[in-house]
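In full-length UniProt numbering, the protein residues as written are 1 to 206.
Glycine included, C-beta positions come from ideal geometry on N, C-alpha and C.
Take a look at the structure set out below.
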């Protein structure tokens, strides 16, 4: 962003300088044209006067006072033209300098405007990330609690189902079992019953 703004400012400044130089060239051309016209008028008028009055004009023309006045008039005209051109150049430069200064200052203003925007965006992103993390933590805690509760309920329900299965199997297969197998089944049932008795108080107290 900074490099683009600096390049744009340089390009616009170069364009402004080119406009100033073009105006200076135009003023120089106009001053040279005016000077040429003045010289043509002076030469034409002197030739016309010499043709019309062949006796009186040469004496006046070659007088050093007349020559001095003519050259002074030419010098004054040239001085006025140069002064006008310099004034016009100064005006053009003064008109273009505020635009160049504003262009040069624009990148800093844009940087100052972009920095708080970036800060606001980063702060909003950080707050959103924190809220998402909190939401994920709460959801994960709730899921853990649900899983633990489901496991406790399953642990509490498993012995009853196991007992029912054992009872049903013993009722169905009691006639086919031998005495040793019957004793083993009874011992296993008693052990499971005592285990559930021991586990339930510990789970309730926890």
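{"Asked": "Alpha carbon of residue 192 to alpha carbon of residue 183, nearest angstrom", "Found": "14 Å"}
{"Asked": "Residue from 120, 146, 85, 72 with nearest C-alpha to residue 25", "Found": "85"}
{"Asked": "Contact belief for residue 81 with residue 37 at Cβ below 8 Å, rounded distance in angstroms", "Found": "With a Cβ gap of about 11 Å, residue 81 and residue 37 do not count as contacting."}
{"Asked": "Cβ neighbour criterion (16 or more within 10 Å) applied to residue 27", "Found": "buried"}
{"Asked": "Neighbourhood of residue 134 by C-beta, 6 Å cutoff - its chain only, sequence neighbours within 5 removed", "Found": "none"}
{"Asked": "Other residues of its chain near residue 22: CB distance less than 7 Å, five sequence neighbours each side excluded", "Found": "none"}
{"Asked": "Minimum C-alpha distance to residue 30 - residue among 88, 128, 147", "Found": "88"}
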